[in-house]
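Engineer: The structure that follows is given in the form of structure tokens.
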Amino acid sequence: MRTSTVRRVCLSVAAAAALTSVATCSGSDSGKSDKSDKQGSGVVKADPIAALLDVQKKTGGENSAKVEGTTQMGTTMSMKQTGVIDWADGLTGTMEITYTGGSMADAMKQSGGTGTMQARYFKDGYVVNMGDGFAKQTGGKHWINYGYADLAKMAGASGEAMKQQMQNTTPDQGVKSLLASGDVKKVGKEDVRGVSATHYSGTVDVAALTAKNSELDADQLEQLKKQLSDAGITTETVDIWVDDNDLLVKKTERGQMKTGELNSTVFYSDYGTKVSVEQPPASDTVDFAELLKQQQGAGAGAS
């Protein structure tokens with residue numbers, strides 16, 4: 446496998462970052478609440494905890510939404526994403542992802558990519574269309590298939606944590622993070638794209654919260670804490686904006702990594718929108734694990 450192919454294999458993990466930015470580092474708690482009281486209270490509550498419990502109930506009780514956002518991970522990459530997700534029965538959806546900067550965007554250009562890819566998410570994994578340049582190097586196959594179970598095995602504790610998070614990504618995860626952190630305050634009323642919204646903010650200990658809400662064993666937790674520490678990730682500031690119907694309309698996350706600033710902004714709209722996702726043809730798809738085997742085989746042959 447040529448170097449450009451390897452680069453583009455690595456690049457498609459942006460699909461994971463795009464989806465997890467919809468949630469936050471909040472573990473696998475995905476329990477749904479009663480879907481009653483569809484109109485919301487319309488009242489700004491003095492107690493932010495009580496208010497957020499209502500937001501968690503209403504937003505978590507929905508099944509789908511349109512999402513649009515931007516993500517920056519230090520000097521590694523910056524990107525924008527837009528799409529739809531459905532979490533009624535596991536996480537499904539589609540996302541259009543465009544690199545806007547960073548070393549990964551540079552690598553994409555060097556390997557002949559356009560910088561834009563489509564990702565489709567399913568209950569047990571996701572697929573990414575890597576474009577015609579990639580297909581020329583893989584026998585005409587445009588899509589890479591990433592199984593969550595395979596990623597967990599390859600990446601160890603961080604992979605298992607990512608698997609749990611990817612399978613349980615819902616907009617209300619950011620609300621749950623603030624509730625679990627014990628550090629949340631109401632900032633006030635603000636306008637979000639023409640919608641009157643209440644702004645809440647808090648600080649989240651990433652490792653502690655992930656450990657609290659995950660199903661990782663003791664060894665995996667230690668590995669995860671080391672991986673987060675090595676990356677320089679300790680805390681995140683999470684801000685959310687909620688409309689008068691107790692539905693999340695915007696979420697931001699800010700933190701620091703060794704490679705620079707971690708910054709994510711996501712907007713939510715059209716709750717209840719229809720989501721339809723199709724698997725690409727098997728003849729046009731190559732498995733990520735198989736690509737790694739080919740890369741390892743090529744490396745062994747060259748040594």
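Sequential numbering from 446 applies to the sequence shown in our numbering.
Glycine included, every Cβ here is placed at the ideal spot set by N, Cα and C.
Rank S714, L736, S728 and A727 by C-alpha distance to the C-alpha of I530 and give the top, closest one.
Structural biologist: Your numbering for residue 530 matches position 85 in the sequence shown. Nearest option by C-alpha distance: S714.
Engineer: In terms of residues, what are the limits of the beta strand (DSSP E) holding V720?
Structural biologist: Along the sequence shown, one-based indexing puts residue 720 at 275. Neither: V720 is in no beta strand (DSSP E) and is coded neither H nor E.
Engineer: Rounded to whole angstroms, what's the CA-CA distance from H587 to T520? Just pull it up for me.
Structural biologist: The residue you call residue 587 lines up with position 142 of the sequence shown. The residue you call residue 520 lines up with position 75 of the sequence shown. The straight-line gap from Cα to Cα measures roughly 27 Å.
Engineer: Mind checking which residues open and close the beta strand (DSSP E) that includes D684?
Structural biologist: Residue numbering aside, residue 684 sits at position 239 when the sequence shown is read from its first letter. Per DSSP, D684 belongs to the beta strand (DSSP E) from T680 to V687.
Engineer: Output the boundary residues of the alpha helix (DSSP H) element that contains A625.
Structural biologist: Residue mapping note: residue 625 aligns to position 180 of the sequence shown, counting from 1. Unbroken alpha helix (DSSP H) run through A625: Q618 to S626.
Engineer: DSSP state of T561, grouped into three classes?
Structural biologist: Locating residue 561 in the sequence shown gives position 116, counting from the first residue. Three-state DSSP puts T561 in a strand.
Engineer: How close, in whole Å, do the beta carbons of V632 and V694 come, if the pair is a contact with beta carbons under 8 Å?
Structural biologist: Against the sequence shown, residue 632 aligns to sequence position 187. Against the sequence shown, residue 694 aligns to sequence position 249. Not confirmed; about 14 Å, so no contact.
Engineer: Could you have a look at Q739 and say whether DSSP puts it in helix, strand or coil?
Structural biologist: In the sequence shown, the residue the question calls residue 739 occupies position 294. Q739: helix per DSSP, three-state reduction.
Engineer: Measuring alpha carbon to alpha carbon, tell me which residue in Y591, Y571, T559 and F567 is nearest D577.
Structural biologist: On the sequence shown, position 132 is the one that residue 577 refers to. With distances taken between Cα atoms, D577 lies closest to T559.
Engineer: Is DSSP giving Q582 helix, strand or coil here?
Structural biologist: As a position in the sequence shown, residue 582 is number 137, starting the count at 1. Coil.
Engineer: State yes or no: is the C-beta of A642 within less than 9 Å of the C-beta of A564?
Structural biologist: Translated into the one-based positions of the sequence shown, residue 642 becomes position 197. Translated into the one-based positions of the sequence shown, residue 564 becomes position 119. No, these two residues do not count as a Cβ contact at 9 Å.
Engineer: Grouping DSSP H, G and I as helix and E and B as strand, with all else coil, what is G506?
Structural biologist: Here residue 506 refers to the residue found at position 61 when the sequence shown is read from its first residue. G506: helix per DSSP, three-state reduction.
Engineer: Taking the Cβ atom as the reference point for each residue, do K503 and D691 lie within a distance shorter than 9 Å?
Structural biologist: Within the sequence shown, numbered from 1, the residue matching residue 503 stands at position 58. Within the sequence shown, numbered from 1, the residue matching residue 691 stands at position 246. The answer is yes: Cβ separation under 9 Å.
Engineer: Identify every residue that forms a DSSP beta bridge with K634.
Structural biologist: Position 189 of the sequence shown holds residue 634. Beta-bridge pairing links K634 to T643.
Engineer: Measuring CB atoms only, is the region 514–528 touching the region 696–711, in the sense that at least three cross pairs come out at less than 8 Å?
Structural biologist: The region 514–528, when compared against the region 696–711, does touch it at the 8 Å Cβ threshold.
Engineer: What residue range is occupied by the uninterrupted beta strand (DSSP E) comprising M522?
Structural biologist: Translated into the one-based positions of the sequence shown, residue 522 becomes position 77. Counting along the chain, the beta strand (DSSP E) containing M522 begins and ends at M522 to D531.
Engineer: To the nearest angstrom, how far is the alpha carbon of N590 from that of D492?
Structural biologist: On the sequence shown, position 145 is the one that residue 590 refers to. On the sequence shown, position 47 is the one that residue 492 refers to. Each residue's alpha carbon lies about 45 Å from the other.
Engineer: With distances taken from CA atoms, which of G505, L623 and V629 is nearest G717?
Structural biologist: The residue labelled residue 717 in the question sits at position 272 within the sequence shown. The shortest C-alpha separation from G717 is found at G505.
Engineer: Where does the unbroken beta strand (DSSP E) through V711 begin, and where does it stop?
Structural biologist: The residue you call residue 711 lines up with position 266 of the sequence shown. Looking at the DSSP string, the run of the beta strand (DSSP E) that includes V711 is G705 to S714.
Engineer: Would S523 be called buried (16 or more neighbouring beta carbons within 10 Å of its own) or exposed?
Structural biologist: Locating residue 523 in the sequence shown gives position 78, counting from the first residue. By the 10 Å Cβ count, S523 comes out buried.
Engineer: Taking the beta carbon of A594 as the centre, do at least 16 other beta carbons fall within 10 Å, making it buried, or is it exposed?
Structural biologist: As a position in the sequence shown, residue 594 is number 149, starting the count at 1. Exposed, by the Cβ-count rule.
Engineer: Mark A597 as exposed unless 16 or more other C-beta atoms lie within 10 angstroms of its C-beta, in which case mark it buried.
Structural biologist: Taking the sequence shown and counting its residues from 1, the one referred to as residue 597 is at position 152. Classification for A597: buried.
Engineer: Grouping DSSP H, G and I as helix and E and B as strand, with all else coil, what is M575?
Structural biologist: Counted from its first residue, the sequence shown places residue 575 at position 130. Coil.
Engineer: For E723, which residues in the same chain have their Cβ closer than 8 Å to its Cβ, ignoring the five residues on either side in sequence?
Structural biologist: For the purposes of this step, residue 723 is identified with residue 278 of the sequence shown, where counting begins at 1. Result list for E723: R565, in chain order.
Engineer: Inspect the CB distances between the region 614–632 and the region 720–734 and report whether three or more fall short of 8 Å.
Structural biologist: No, they do not touch.
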